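Student: I have a structure here, written as structure tokens, and I will follow up with some questions on it.
Okay, structure coming up:
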């Protein structure tokens, strides 16, 4: 098994999925203030408006069901009403 090739494929899947998540939010008129990575597999999204968070979380849940070949965990970050994360 070629570890470098496997790692590259995984990184491409992660990048594609995170981009897809941002596009889904934008299509639903949810404004994203900032994004960041924690390590290699946790993508944090900060929204401009806290009122958009329930809708954003539902969109991400829908996306994770649609992308059944990926194991995505959507985490609602405590004590922050504008942020959530996607763990790959």
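Residue numbers (this note's numbering): 614 to 701.
Heads up, the beta-carbon is just placed ideally off N, CA and C, and yes, glycines get one too.
Just so it is clear, the structure is predicted and the values come from calculations on it, not from any experiment.
Under a Cβ-count criterion, where at least 16 other Cβ atoms within 10 Å of its own Cβ denotes burial, should residue 632 be classed as buried or exposed?
Tutor: By the 10 Å Cβ count, residue 632 comes out exposed.
Student: Does the beta-carbon distance from residue 560 to residue 688 come in below 8 Å?
Tutor: Any property of residue 560 remains undetermined from this structure, which presents the chain solely from 614 to 701.
Student: Just curious, the beta strand (DSSP E) that residue 646 is in, first and last residue?
Tutor: It spans 645-651 - the beta strand (DSSP E) in which residue 646 sits, taken as one unbroken run.
Student: Using the C-alpha atoms, what's the distance from residue 643 back to residue 660?
Tutor: In a straight line, the C-alpha of residue 660 is about 7 Å away from that of residue 643.
Student: I'd like the list of long-range same chain contacts for residue 674, defined as Cβ closer than 8 Å, with 5 residues on each side in sequence excluded.
Tutor: So the qualifying residues of the chain are 687.
Student: State the CB to CB distance for the pair residue 672 and residue 638, rounded to an integer number of angstroms; the pair is presumed to be in contact (CB under 8 Å).
Tutor: Their Cβ separation, rounded to whole angstroms, is 6 Å, which keeps residue 672 and residue 638 in contact under 8 Å.
Student: From residue 618 to residue 648, what does the alpha carbon distance come to, in whole angstroms?
Tutor: Cα to Cα, residue 618 sits roughly 27 Å from residue 648.
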